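**Q**
There are 2 protein chains.
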Amino acid sequence: MKTSAARSSVPVALADVQVTGGFWAPRVRQIAELVIPHQWDVLNDRIPGAEKSHAVENFRIASGQSHGTFHGMRFQDSDVAKWIEAASYSLHAVRRAETQRAIEEAVDLIAAAQRPDGYVNTFFTIAEPGKRWTDFSHGHELYCAGHLAEAAVAYLEATGSRTLLTVTEKYLAHIESVIGPGEGQVRAYSGHPEIEIALARVYRLTGEEKHLRFLRYLIEERGSQPSFLRKEPTFGYVFKDKWFDLSYHQAQAPIRQQHSAEGHAVRAMYLFASVADLVIETGDQALQRAMDDLWKSVTTARMYVTGGVGSHAHGERLSVDFDLPNHRAYSESCASIGLIFWAHRLLQITPRGSVGDVLERALYNCVLAGISLSGTEYFYSNPLAVAPSEARSREDLKHVATQRQRWFGTACCPTNIARLLASLGSYVYSTNADCAFVHLFVESDAVLRLGDRHVSIRQRTGYPWAESVHLDVNPDRPSDFTLAVRIPTWCYSPTAAVNRTPFRDLRPFVRDGYLFIRRRWTGGETLDIGFSLRAERIAADPRVRADRGRIALQRGPVVYCLEEVDNGENLEDIVLPREAPLQSDHRQDLLGGVVTISGEARRGGSRPANGGLYGPAVASISRTSFTAVPYFAWCNRVPGEMTVWVRES
Amino acid sequence: MKTSAARSSVPVALADVQVTGGFWAPRVRQIAELVIPHQWDVLNDRIPGAEKSHAVENFRIASGQSHGTFHGMRFQDSDVAKWIEAASYSLHAVRRAETQRAIEEAVDLIAAAQRPDGYVNTFFTIAEPGKRWTDFSHGHELYCAGHLAEAAVAYLEATGSRTLLTVTEKYLAHIESVIGPGEGQVRAYSGHPEIEIALARVYRLTGEEKHLRFLRYLIEERGSQPSFLRKEPTFGYVFKDKWFDLSYHQAQAPIRQQHSAEGHAVRAMYLFASVADLVIETGDQALQRAMDDLWKSVTTARMYVTGGVGSHAHGERLSVDFDLPNHRAYSESCASIGLIFWAHRLLQITPRGSVGDVLERALYNCVLAGISLSGTEYFYSNPLAVAPSEARSREDLKHVATQRQRWFGTACCPTNIARLLASLGSYVYSTNADCAFVHLFVESDAVLRLGDRHVSIRQRTGYPWAESVHLDVNPDRPSDFTLAVRIPTWCYSPTAAVNRTPFRDLRPFVRDGYLFIRRRWTGGETLDIGFSLRAERIAADPRVRADRGRIALQRGPVVYCLEEVDNGENLEDIVLPREAPLQSDHRQDLLGGVVTISGEARRGGSRPANGGLYGPAVASISRTSFTAVPYFAWCNRVPGEMTVWVRES
């Protein structure tokens, strides 16, 4: 692997981190044993009641193995690619023969669908053969190519097979010959970023500089004016309105001149993640400063408390600062996944606890909410409040599902969630020659490389429910290095002990949210971290109109919500008194085992004295109690009202 | 005028009520002297910066006096008709020669544009000559015909001229021959009700039973299944989505089977007003019961505190019960005007104070907010909260104007407001042979007919700012009759005195919200009514999610709002303590003279301890004061934030 100026550490590969227990192992296993086979069945249209996919059949048709017409979105191919990527990751956890065979079948189909010039895209092969590279706004050709390339890298890393990488390299060679700034080339870039992320991965795997050059071209060309996008038939989308302008594509200005995160949220997150890749590979400090502005824009003014991104359903867009409506939130699962990609890369540039906090916020809340506990149903959009009767009757809420769905016409989220969770192990650690960073608390066995040393780390933790993390550290030989453990911001009084000897005062050792422990590790050392986990009231910046007068409940990284099934109807009627104690309970019987938060509450407020629709206000307040469950677990019992932000008094 | 079974009183005609002073006279004069001439200029495209109208020019083209193509909406003709109607009313207040000449010009143009068969519609004459009577969903032919007929009645009543009535009668004869249940007729009804209201007026004026028959046909035919509307090209509108279904046109079921108010708010209000007309004329009790359900549906679950109707911009629709969002409110000025039309008719069937309350609520708040104090700028939509930065950046708020507009592409509201306010005098009183009802408190001189008696009533009042109403009652001869004065619901301890002798206890004399005073009136009597006007906190039904934890301020019929110009930015940060006193101040210097409400408030609530976007909640509350101004006067200084519903603690 190539190292670079701006990278302070490199993630520990998925192959080297086995998730073994705790909160995550059942989920990772569920992905491998249930979700991946189930999604393969959906992609092959074998699940009754699920929305038609046709994604595999499109490849069969494109490769001449079947007859018929293309069905689905222009980016239907990416569902297959993301599934291959997710399935490949899942092999690291469970080497399931059926999964391996299914991946091979998919890979062979893709290879067979590749045109002689390297081109791979079933929509433009079957449905619009004459229109290649004419619709960057919404055609998603580069997007699909990117997912194909990511799948190829994941497949090779999981199985050693180069089949899909060979297809990818041939396709990338074609793409890089067709698109670019040179004479006779199409001077364009992706409407929906994704290939940029893939190019960095292929570059890192192969060391081929041309992919880094093409990545740099795509990022630097973006936003040049006048924009080629304006001349495209689908620019402005079907409604041709201002919400599908250049900023929708993050093309309103060159990336170095963008200081606020704009436009389609998934596009934005993917782009910014790939800008981080370019910073990693080039050490470009000016680009890093622009990216830091964008990070600040998202995480200090345009992100939900769940780590959701994207306030608007129309255009699936980010909004202006502090416009974070709860019922209307789009908050697509994929956007939070993109935010995690971006955070993951930022942590490789400079480990900062606040970045890890955002990563965890998105992971434990928005992303995990996107998949049912059963593993077979999904949310595409993740609003922070749902009132089913209004959701069904309001056009501005037509994107809101009041119960989980088996599949979607645009099915980007299910496979995206699968690939993220299946690869969770690769988010836990990163290393450089002298230091091992612990970013996430995941029960796991890992082997880390620090320069030429190998260090085994066994992590044992009931996190996020329990507040202790135990690490067994075993280097392959006694040596000096640093172990840097992220201390989440929500933890006020962390404790740490090496070989059961507690630190008297941690503060001198904590920098930028990481606890740095430098010592000679001889083998057999233990490190015990203690977090002071407690249920807390969380407030939003007062400029967030939608959350004013409200609090959210959080315990560790987990954000909570009230559901109708626990609290009765009309959740807006519930008020949490500012001083009432909050109680946490471990409930093994509930929602697969969660910690609930409960306490005293009030129901009511002013109501019309005369009982009509409006009337002189009289206070009408009764005592009640409330029970909150983790947001990620909502809507796994009966559908009903839900709210994250609760009125406070 | 024809009397009928279901009508307990008949409104006193505009010609018989001169608005002489107080709150309303300057407004009625402004309509006559400024608004009417200004709107005529707009309709003739003589106002720079106003949206192009072309409405008069369309008639010039259709009548062969000019050349060119049709411009505007399919209902552009109705702007001219509504202007004629408004201008005619205004002549009762100010007999302005220029206005009279302009009306004559408009009337002559319309007469000249009438086709030999009686048909009058410039769109279908100029732009789509072959498509008459093929698009009832959105073609608005019957709607425009209705406005033409209303104009004809108003013009005749103001001037004695039958010119436009002759045009109308010829057109109605054509319509009634083409449309109906008979063989060879088009079995259809209006997509947008309005002709129904007009038919009742023409019937009352002319006594021609055929118009009542046609009105009955239109109302009874509506909602019969299978619906002819489904086969129309524009049914489902351009988006062909569920928000433009049969209920959009109130055609989901026969009116007798409709129990909740659905669909396009203006269509609904106009239809229900005309159902009241049919009840008035027929005494049909089953129909009245259906209509009462609809009234209850609107006024107890689907109406804003401002008397606004229509929660959704998309489809300009009513929503489900209690779904009354404030920022997103559509609350079209025209819908509130329609609600007033309906209430006005209901009061003729059975005087009920609660109906008069709704009428006043809509009049003093939503409708009056729709026109600037200057008389030249308008709101089409009347949200109950505006945050300009969000309104500009959210697609679901694209209907929200953050400042008043000079005119609109769809310009239904300006002339509608003008015709309502210019005819205000006709809403004040109604009579039967034995009783005079005082519905509104408007400084005015009126002559009422009770059977064969004439009774002069001079009303003197500073209402809605002042709490006393003084009436001088002078019958043309001493006689026994009842004076019934509406006592608004918000008034807890009304007082009354005849010839300065106070009633010791009013309660025995108050029934259904009216104070009934029966006596022998000999002439020279005075009646003094005292309302206990005070600033009050108003609460909404707890099921109104958007208003939970909030109160509105009201004083008499006037609903208040907070504006940024008085209270600083971020109005969501302001909290009104439940017990803090409210102070009312008469401010002659402000907004043309208003009463303000002010008092102590708090700013703040919980905020993140660490100052970030989200963090542990710490209380951060400071003392401040607030000033509220009447909602109708908002956005007459500098644009900015506004809110009606304020957080309460």
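Chain order of the listed sequences is A and B. Residue 1505 in my numbering sits at position 278 of the first sequence; the count goes up by one each step and never skips. Residue 1390 in my numbering sits at position 163 of the second sequence; the count goes up by one each step and never skips. Even for Gly, the Cβ is constructed at its ideal location relative to N, Cα and C. This structure is a prediction, so every number in the text was calculated from the model and none was measured.
Take the Cβ of D1816(A) as the centre, count every other Cβ of all protein chains shown within 10 Å, and call the residue buried at 16 or more, exposed below.
**A** When all chains shown are included, D1816(A) counts as exposed.
**Q** A1779(B) to G1795(A), Cα distance in whole Å?
**A** Taking the straight line from one Cα to the other gives about 27 Å.
**Q** Within the continuous beta strand (DSSP E) that includes I1824(A), where are the two ends?
**A** V1821 to P1835 is the extent of the beta strand (DSSP E) around I1824(A).
**Q** Nearest to E1355(A) by CA position, among R1301(A), S1706(A), G1636(A) and Q1341(A), is which residue?
**A** Checking every option, the nearest Cα to that of E1355(A) belongs to R1301(A).
**Q** Which word fits G1276(B), buried or exposed, when buried means at least 16 other C-beta atoms lie within 10 angstroms of its C-beta?
**A** With fewer than 16 other Cβ atoms within 10 Å, it is exposed.
**Q** Taking only beta-carbon positions, decide if Y1557(B) is within less than 9 Å of chain A.
**A** It does not: the Cβ of Y1557(B) has no partner Cβ on chain A nearer than 9 Å.
**Q** So C1593(B) packs on S1546(B), CB below 8 Å; how close in whole Å?
**A** That pair is no contact at about 16 Å.
**Q** What residue range is occupied by the uninterrupted beta strand (DSSP E) comprising W1872(A)?
**A** Where W1872(A) is concerned, there is no enclosing beta strand (DSSP E), given that its DSSP letter is neither H nor E.
**Q** Going along chain B, which residues have a C-beta under 7 Å from A1844(A)?
**A** Within chain B, the residues near A1844(A) are R1764, I1765, A1766 and I1778.
**Q** If you measure from the beta carbon of C1841(B) to each beta carbon in chain A, is any gap under 9 Å?
**A** Rather than Cys, the amino acid found at residue 1841(B) in this sequence is Tyr. So yes, Y1841(B) belongs to the interface.
**Q** Taking 8 Å as the cut-off, does the region 1780–1794 of chain A touch the region 1860–1873 of chain A (at least 3 CB pairs, one atom from each stretch)?
**A** Yes, they touch.
**Q** Tell me which residues share the same chain as T1230(B) and place their Cβ nearer than 6 Å to its Cβ, disregarding the 5 neighbours each side in the sequence.
**A** For T1230(B), the pLDDT reaches just 44, beneath the cut-off of 50, and the residue's location in the model is therefore unreliable, leaving the point undetermined.
**Q** Residues in its own chain within less than 6 Å of V1532(A) by CB, not counting five upstream and five downstream?
**A** Closer than 6 Å at Cβ, skipping near neighbours: A1779 and V1786.
**Q** Under the assumption that Y1382(B) contacts I1311(B) (Cβ atoms under 8 Å), give the Cβ distance between them as a whole number of angstroms.
**A** Contact flag correct, Cβ pair sits at about 6 Å.
**Q** Spatial neighbours of D1800(A) within its chain, please: CB distance less than 7 Å, with the 5 preceding and 5 following residues excluded, ordered by chain position.
**A** Closer than 7 Å at the Cβ level, and outside the excluded window around D1800(A), lie R1830 and G1831.
**Q** Please go through the region 1295–1375 of chain A and give each complete alpha helix (DSSP H) segment of 4 or more residues, from N-terminal end onward.
**A** Segments of the alpha helix (DSSP H) lying fully in the region 1295–1375 of chain A: 1303–1320 and 1324–1340.
**Q** Does the beta-carbon distance from V1380(B) to V1429(B) come in below 9 Å?
**A** Contact: yes.
**Q** Less than 8 Å between the CB atoms is what I'm expecting for E1694(A) and S1759(A), so what's the real figure, rounded?
**A** Their Cβ separation, rounded to whole angstroms, is 7 Å, which keeps E1694(A) and S1759(A) in contact under 8 Å.
**Q** Output needed in chain order: residues of the region 1515–1532 of chain A with a Cβ under 8 Å from some Cβ in chain B.
**A** Listed by position, the residues of the region 1515–1532 of chain A near chain B (Cβ gap below 8 Å) are T1526, T1527, A1528, M1530 and V1532.
**Q** Taking the continuous alpha helix (DSSP H) assigned at T1637(A), which residues delimit it?
**A** Here T1637(A) belongs to no alpha helix (DSSP H), and DSSP marks it neither H nor E.
**Q** Mind listing the chain B neighbours of E1403(A)? Cutoff is C-beta to C-beta under 8 Å, in chain order.
**A** Going along chain B, no residue has its Cβ under 8 Å from E1403(A), so there is no contact; the nearest lies around 37 Å.
**Q** Please report how far the alpha carbon of V1696(B) lies from the alpha carbon of G1783(B), in whole angstroms.
**A** Using only the alpha carbons, I get a separation of about 13 Å.
**Q** Between the Cα of A1762(A) and those of Y1497(A), D1672(A), Y1557(A) and A1807(A), spot the shortest distance and give me the residue it belongs to.
**A** For the residues Y1497(A), D1672(A), Y1557(A) and A1807(A), the minimum Cα distance to A1762(A) belongs to A1807(A).
**Q** If we ignore side chains and look at the alpha-carbon of each, how far apart do M1228(A) and R1457(A) end up?
**A** Residue placement at M1228(A) is flagged as unreliable, the pLDDT there being 39, under the threshold of 50; the coordinate-derived value follows with that caveat. Answer to the nearest angstrom: the Cα atoms are 39 Å apart.
**Q** Whose CA, out of G1636(B), E1377(B), R1443(B) and A1517(B), lies closest to the CA of H1486(B)?
**A** Nearest of G1636(B), E1377(B), R1443(B) and A1517(B) to H1486(B), Cα basis: A1517(B).
**Q** Give me the subset of the region 1596–1624 of chain B whose CB atoms are less than 7 Å from a CB atom of chain A, sorted by chain position.
**A** From the region 1596–1624 of chain B, only A1614, S1616, E1617, S1620, R1621, E1622 and D1623 have a Cβ closer than 7 Å to chain A.
**Q** Let me check understanding here. Comparing Cα to Cα, which of C1662(A), F1250(A) and V1321(A) lies closest to R1747(A)?
**A** Closest option to R1747(A), Cα to Cα, is C1662(A).
**Q** Could you pull out every unbroken beta strand (DSSP E) segment of at least 3 residues lying fully inside the region 1688–1737 of chain A, listed in chain order?
**A** You should have 1695–1702, 1706–1713 and 1722–1725.
**Q** So is S1849(A) buried or exposed if we call it buried at 16+ other beta carbons inside 10 Å?
**A** That one is exposed.
**Q** Using a Cβ-Cβ distance cut-off of 9 Å, determine whether N1285(B) contacts chain A.
**A** Chain A, which has no Cβ nearer than 9 Å to the Cβ of N1285(B), makes this no.
**Q** Does the Cβ of F1466(B) have 16 or more other Cβ atoms within 10 Å, making it buried, or fewer, making it exposed?
**A** F1466(B) is exposed by the Cβ-count criterion.
**Q** Of all Cβ atoms in chain B, is any one closer than 9 Å to the Cβ of V1802(A)?
**A** For V1802(A), the answer is yes, since a Cβ of chain B falls inside 9 Å of its Cβ.
**Q** Based on the DSSP secondary-structure assignment, which residues constitute the bridge partners of I1778(A)?
**A** Note: I1778(A) sits in a beta bridge opposite V1873(A).
**Q** Does T1230(A) have its Cβ less than 9 Å from a Cβ in chain B?
**A** Summary for T1230(A): the model assigns pLDDT 43, below 50, so the residue's position carries little reliability, and this model does not support an answer.
**Q** If you measure between the beta carbons of P1843(A) and W1717(B), is that distance less than 9 Å?
**A** Yes, Cβ-Cβ distance for P1843(A) and W1717(B) is below 9 Å.
**Q** Ignore the nearest five residues each way along the sequence and tell me which others in F1736(A)'s own chain have a CB closer than 6 Å to its CB.
**A** Taken in chain order, the residues that qualify are L1742 and F1743.
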